[in-house]
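In my numbering, the protein residues as written are 226 to 621.
For reference, the structure is listed below as structure tokens.
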Amino acid sequence: MRRQTGTWALASVMVLAGLAPAAAVEVTSAVLRVDYQTLLPISRYDLKPDDLGFAGAALADEDNSTTGRFLGHTYETRTLSVPPEAAAEAAAELVADGAPYVVVIANGPDTAAIADAVAGAGGIVLNAGAADNSLRGAECRENLLHIAPSNDMRADAVAQFAMWKKWPRWVLVEGSNPADQELGQSYERAARKFGAKVVETRTFEDTGGTRRTDSGHVLVQRQLPTFMQDLPRHDVVMSADNSDYFAAYLPYHLWDPRPVMGSAGLRPVTFHPAHEAWGATQFHTRFEDLTGRYVHEEDYEVWLALRVIGEAVTRTSSNDPAVLRDYILSDDFELAAFKGQKVTFRDWNGQMRQPILLFDDHITVSVSPQDGFLHQISPLDTLGQDRAESACAAFD
226 MRRQTGTWAL
236 ASVMVLAGLA
246 PAAAVEVTSA
256 VLRVDYQTLL
266 PISRYDLKPD
276 DLGFAGAALA
286 DEDNSTTGRF
296 LGHTYETRTL
306 SVPPEAAAEA
316 AAELVADGAP
326 YVVVIANGPD
336 TAAIADAVAG
346 AGGIVLNAGA
356 ADNSLRGAEC
366 RENLLHIAPS
376 NDMRADAVAQ
386 FAMWKKWPRW
396 VLVEGSNPAD
406 QELGQSYERA
416 ARKFGAKVVE
426 TRTFEDTGGT
436 RRTDSGHVLV
446 QRQLPTFMQD
456 LPRHDVVMSA
466 DNSDYFAAYL
476 PYHLWDPRPV
486 MGSAGLRPVT
496 FHPAHEAWGA
506 TQFHTRFEDL
516 TGRYVHEEDY
526 EVWLALRVIG
536 EAVTRTSSND
546 PAVLRDYILS
556 DDFELAAFKG
566 QKVTFRDWNG
576 QMRQPILLFD
586 DHITVSVSPQ
596 DGFLHQISPL
606 DTLGQDRAES
616 ACAAFD
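In structure tokens:
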């Protein structure tokens, strides 16, 4: 690990040699994770570690400091987990205590409330969890930047692969909870956008109760094949299950044998432990040496959020939130992210442009945007709402 880090540091120094003279800059950020009372995940493999997100922050501080020590820049990241009722107040206290950059792992409403709570004090919130489309649209905030992809971006990533495979006829199975319904709407939108057809939509009702113990899988094994009978001709089953209630059971429990994509089967993710291309192996090696476990999406998104701050500080030699925000949203900003393309931000709604990995729980099957899906600015803007579609007015 030291040899890899040292090589990277030397390369960074060589690249940064032409920057402005070093000036002492202290950068204090925070990671605020909102912990909710939820049911256990379907699989014990999906249990969340206690340091979820915070581990990504630890690696980001190491990476930022590797470059920062040569430029006189120092980085500190505070980590805090709170219940939802304490989230907005905790964020305001962090900003008031000198941490103007708050990376948030929370649901959509709480992320919006946190952004509102720190706006008056000049705080910048980086969303590392909420996928709500509305936060990139009519409910966007000037001080809210999105590292996490939206539901629309994830659905478009899956849709492009399905169309590349020439699987245009979809059955959409969505959960009954509001978060599932929004994701289902994203898949319906993606079908219209790329020329697919949703031949039928079915809703799997969340009746509550356990999903893991006693007769959980037995009941689903009996229910799902019957639930999936008598469908029109279709190529693939798209699953919209943000609640983690049923989708994991869909593969092998269908009436007609078809590929499953979306919330199970082939899933759109920002990162995963088996991804090795574009230098990702060295990221995993350093992360695992530091934490003793595999990376989760939340860890990667927190790491990426703090690297965004680090890169902006490096290029501007400033820790002023207004200066950094302007630079991050400018055409000059770009950052390597171990995904084959440098990431940038959409200046109309604060969403990070980034490739989406399509993961089958073992390997990266593909990466979207797919070849042949073109855009006048960037192929990455084929994922999610484009400028002309955006209802966000806060960035005008």
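Backbone N, C-alpha and C fix where the C-beta goes; we use that ideal spot for every residue, glycine too.
Taking the beta carbon of T506 as the centre, do at least 16 other beta carbons fall within 10 Å, making it buried, or is it exposed? exposed
If we ignore side chains and look at the alpha-carbon of each, how far apart do T253 and L277 end up? 20 angstroms
Check: L449 C-beta below 7 angstroms from any heavy atom of the ligand SAH: As for the ligand SAH, it is missing from this structure, which has no ligand bound.
Note down the Cα distance separating Q385 from P393, rounded to an integer number of angstroms. Those two C-alpha atoms are separated by around 10 angstroms.
Count the other CB atoms, across all protein chains shown, that sit within 10 Å of the CB of N445; report buried if there are 16 or more and exposed otherwise. Position check: residue 445 holds Val in this sequence, whereas Asn was assumed. Around the CB of V445, 16 or more other CB atoms lie within 10 Å, so the residue is classed as buried.
Decide if the region 578-592 is in contact with the region 536-546; the criterion is three or more beta carbon pairs, one per stretch, under 8 angstroms apart. no
Which residues in the same chain as L529 place their Cβ atom closer than 7 angstroms to its Cβ, once the five residues preceding and following it in sequence are excluded? I372, A562
For the alpha helix (DSSP H) that contains H509, what are its first and last residues? 505-516
Would you please state the rounded distance, in angstroms, between the beta carbons of L264 and I339? I believe it to be under 8 angstroms. Actually they do not touch by this definition, with Cβ atoms about 24 angstroms apart.
Residue range of the unbroken beta strand (DSSP E) whose run includes K418: Bounds of any beta strand (DSSP E) do not take in K418; it lies within the alpha helix (DSSP H) bounded by 403-419.
Please report the distance separating the alpha-carbon of G504 from that of I588. 15 angstroms
Report, in whole angstroms, the separation of the C-beta atoms of V461 and W389, which I expect to be a contact under 8 angstroms. Between W389 and V461 the Cβ distance is about 12 angstroms, and since that is not below 8 angstroms, they are no contact.
Short Cβ contact (8 angstroms threshold) for G582 with F508: Rather than Gly, the amino acid found at residue 582 in this sequence is Leu. It is not a contact, given that the beta carbons lie outside the stated cut-off.
What residue does the beta strand (DSSP E) around V350 start on, and which one ends it? 349-352
Can P476 and A489 be called in contact, C-beta distance under 8 angstroms? Here P476 is near A489, since their CB atoms are less than 8 angstroms apart.
State whether the region 421-436 contacts the region 358-372, with contact taken as three or more CB pairs (one from each stretch) at a distance under 8 angstroms. no
Let's see if you can read the secondary structure: which residues bound the alpha helix (DSSP H) around S290? 279-296
What residue from L284, E287, V350, N289 has the CA that sits closest to A316's CA? V350
Do three or more CB pairs link the region 515-528 to the region 276-293 at distances below 8 angstroms? yes
CA-to-CA distance, W573 to T516, given in whole angstroms: When rounded, the distance between both Cα atoms is 36 angstroms.
Are the beta-carbon atoms belonging to A355 and A324 less than 8 angstroms from one another? In this structure, the beta-carbon distance from A355 to A324 does not fall below 8 angstroms.
Buried or exposed: where does V590 fall if 16 or more other Cβ atoms within 10 Å of its Cβ makes it buried? exposed
Give me, in chain order, the residues of the same chain whose beta-carbon lies closer than 6 angstroms to that of A499; leave out the 5 immediate sequence neighbours on both sides. I588
Where does M577 fall in DSSP's three states? strand
May I have the straight-line CA-CA distance separating F452 from E425, to the nearest angstrom? 13 angstroms
Considering only DSSP beta bridges, list what V494 is partnered with. Note: V494 sits in a beta bridge opposite L582.
So the beta strand (DSSP E) V383 belongs to, where does it begin and stop? Where V383 is concerned, there is no enclosing beta strand (DSSP E), although the alpha helix (DSSP H) it sits in stretches over 376-389.
Mind checking A249: buried by the 16 CB within 10 Å criterion, or exposed? Burial call: exposed.
Tell me, please, which residues DSSP counts as bridged to Y326. S254, I349
Would G609 pass as a contact of M463 if the rule is Cβ separation under 8 angstroms? Cβ atoms of G609 and M463: not closer than 8 angstroms.
Using beta-carbon positions only, say whether S401 and T428 come within less than 8 angstroms of one another. yes
So for Y300, helix, strand or coil by DSSP? strand
Residue burial classification, Y519 (beta-carbon count within 10 angstroms, cutoff 16): exposed
Apply the 10 Å Cβ neighbour rule to G420 and answer buried if 16 or more other Cβ atoms are within range, or exposed otherwise. Exposed is the call here.
Relative to the alpha-carbon of L305, which residue among S359, V320, P266 has its alpha-carbon at the smallest distance? V320
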